[in-house]
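Notes to accompany the following structure.
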Amino acid sequence: MRSTKAVIHLDAMQHNARLAKESAPESLLIGVIKADAYGHGAVQAAQALNTICDAFAVAFLDEAVSLMENGVLKPLLLLEGFTTDEELECVGLNGFWTVIHHPYQVDILRNYQGPELEHVTLKVDTGMHRLGLMPDEADALITELKQNDRIKELSLTTHFSCSDELDKSNTQSQINKILALAERHDLGIAMANSAGILGWPQSRATWNRAGIMLYGATPFETSHPLGDQLKAVMSLEAPVIALREIAVGECVGYGRNWSAQRPSLIATLAIGYADGYPRAINAGTEVWINNQRAPIVGNVSMDMITIDVTDVHHVGLGSKVELWGKNICVNEIAAANNTIGYELLTKVTARVPRSYEGL
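For the sequence shown, position 10 (counting from the first letter as 1) is numbered 0 according to this note's numbering, and the numbering increases by one without interruption.
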């Protein structure tokens, strides 16, 4: 059996969630487990975080239903809300929480006569310009929503566009807009994402949403006193399945775009872009093997990667290689691929089994 796998360290996930709670002890914590918990396994994440998080957030209704059917009992917030009368009925019947971000959803809600809605959070567009009502639109609507007898609890939410950039003033502007609205109507707020929890203490409010930080990737590009305390949760691992000595001038991989400048020992790994490792990785991007770094050489193939282990001691068939994890940060690999850690974590494919450890 192929031993390539993604090891999920649930104790590290719990550590990261506790860091979110300790950073804002007066706030309630929503654990964002959409997209199968960013590729880590949503059911397993919910189980591990059950005693730490006060609620969980998913993208859409199907994700919430799946978690409920797998025994997750904490409140489940739909970040995209509902799109039809039938979906809102399902929200009410199952006690899900929902975001409202567009006038068409308000129209559906006005005609809704189903079970009471446990929690409705009105999304306000304070600058992201993706979802949400503009502040003046929200201001006019809040009184109506507070009088709707189908809504048990109403709150406000917004989403920051660049809170990972601590020197930008836009985040403070967004905070000011949502705070003014909440104070005017005496409503709770959820606005702090991972970057907000870690780097914008003034954004910590009634609820905070921890996403990428749960999985051990800092939202910041540079060192940060809290971000640096996060622990990597996923270790993407693959074995060495072949070793080959090549002479000076010999090429490796498709396109023959890497050639040996010295007699070299090349190891082939059982992982490739079909497993979620990015094909367009920069030459020289490193992996971790036998407590050393080694560079990738040649193009990433569908099922295999080749690395130069000439300077690595005691490499053999079956030697374990970490593509990212505790020793090689996923953000490092993302930067070498002109992307972000979020994308790499969520793109690890289903053919890579997840192995859960730490509980």
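From the three backbone atoms N, C-alpha and C, an ideal C-beta is built for every residue, glycine too.
Range of the contiguous beta strand (DSSP E) that encloses residue i
i, result
"Ile(-2)", "Lys(-5) to His(-1)"
"Lys113", "His109 to Lys113"
"Leu68", "Leu66 to Leu68"
"Asn321", "That residue, Asn321, is in no beta strand (DSSP E); its alpha helix (DSSP H) goes Val320 to Ala325."
"Lys316", "No beta strand (DSSP E) contains Lys316, which DSSP labels as neither H nor E."
"Ile187", "Not the beta strand (DSSP E): Ile187 falls in the alpha helix (DSSP H), residues Ser184 to Gly189."
"Ala207", "Per DSSP, Ala207 belongs to no beta strand (DSSP E) and is neither H nor E."
"Ala32", "Segment Ala32 to Leu39 is the alpha helix (DSSP H) holding Ala32; no beta strand (DSSP E) there."
"Ser345", "Arg344 to Glu347"
"Ala200", "Trp197 to Ala200"
Expected contact under 8 Å - CB spacing of residue i and residue j to nearest Å
i, j, result
"Ala185", "Pro209", "4 Å"
"Leu107", "Ile141", "5 Å"
"Ser309", "Val230", "4 Å"
"Leu83", "Pro105", "6 Å"
"Phe150", "Thr161", "5 Å"
"Thr339", "Asp218", "So it is not a contact: roughly 30 Å between Cβ atoms."
"Leu334", "Ala228", "Rounded, the Cβ-Cβ distance is 15 Å, inconsistent with contact."
"Leu57", "Val96", "That pair is no contact at about 26 Å."
"Gly189", "Leu156", "5 Å"
Proximal residues to residue i (C-beta, below 7 Å), its chain only, five neighbours per side dropped
i, result
"Lys350", "Residue numbering for the chain in the displayed model covers -9 to 349; residue 350 lies beyond these limits and cannot be assessed."
"Asp298", "Ser254, Ile256, Ala284, Pro285 and Val287"
"Tyr263", "Arg269, Val290 and Met292"
"His304", "Asn280"
"Val302", "Ile279, Asn280, Gln282 and Ala284"
"Leu8", "The question names Leu, but residue 8 in the sequence shown is Arg. Ile42."
"Asn60", "Val33"
"Ile168", "Val114, Thr116, Leu146, Thr148, Ile179 and Met181"
"Ala54", "Val48, Leu66, Leu68 and Phe86"
"Val342", "Thr(-6), Lys(-5), Ala(-4), Asp265 and Gly266"
Cut-off 6 Å between Cβ atoms - residues of its own chain near residue i, not counting five sequence neighbours on either side
i, result
"Thr147", "Thr111, Lys113 and Ala180"
"Gly288", "Val242, Gly243, Trp248 and Thr296"
"Ala25", "Thr336"
"Ser17", "Arg194 and Asn198"
"Ser145", "Thr111, Leu177 and Gly178"
"Gly85", "Glu108"
"Met124", "Asp115"
"Asn321", "Ala207 and Gly331"
"Thr275", "Ile286 and Ala326"
"Met294", "Thr258 and Gly262"
Endpoints, the alpha helix (DSSP H) within which residue i is located
i, result
"Val81", "Asp75 to Asn84"
"Glu127", "Pro125 to Gln137"
"Glu333", "Gly331 to Thr336"
"Met294", "From DSSP, Met294 is part of no alpha helix (DSSP H); its letter is neither H nor E."
"Arg100", "Pro93 to Arg100"
Cβ-Cβ distance between residue i and residue j below 7 Å
i, j, result
"Ile330", "Ala324", "yes"
"Arg234", "Ile256", "yes"
"Glu143", "His109", "yes"
"Ala35", "Ala27", "yes"
"Leu121", "His91", "yes"
"Leu259", "Val311", "yes"
"Gly31", "Arg344", "yes"
"Ala(-4)", "Leu226", "yes"
"Gly201", "Gln164", "no"
"Phe271", "Ala250", "Looking at the sequence itself, residue 271 is Ile, so the reference to Phe does not match. For Ile271 and Ala250, no; Cβs fall outside 7 Å."
"Leu0", "Tyr346", "yes"
"Ser13", "Ile187", "yes"
"Gln4", "Ala45", "no"
Residue(s) in a DSSP beta bridge with residue i
i, result
"Gly288", "In the DSSP output, where bridge partners are listed per residue, Gly288 has none listed."
"Gln282", "Ile279"
"Ile179", "Leu146"
"Pro229", "Lys310"
"Val22", "Ala47"
"Val223", "Per DSSP, none; premise fails for Val223."
"Thr88", "Leu68 and Val110"
"Thr258", "Ala232 and Thr296"
"Ile141", "Leu107"
"Cys241", "Ser249"
Own chain partners of residue i with C-beta closer than 8 Å, once the 5 adjacent residues on each side are dropped
i, result
"Arg252", "Val238 and Thr300"
"Ala232", "Ala257, Thr258 and Leu307"
"Ala49", "Lys24, Ala25, Leu68, Leu69 and Glu70"
"Thr88", "Leu67, Leu68, Gly71, Phe72, Leu78, Val81, Leu107, His109, Val110 and Thr111"
"Asn6", "Ala200, Met203, Leu204, Tyr205, Gly206, Leu220, Lys221 and Val223"
"Ile98", "Phe72, Thr74, Asp75 and Leu78"
"Lys158", "Cys152"
"Gly315", "Val(-3), Ala222, Met224, Ser225, Leu226, Glu227 and Trp278"
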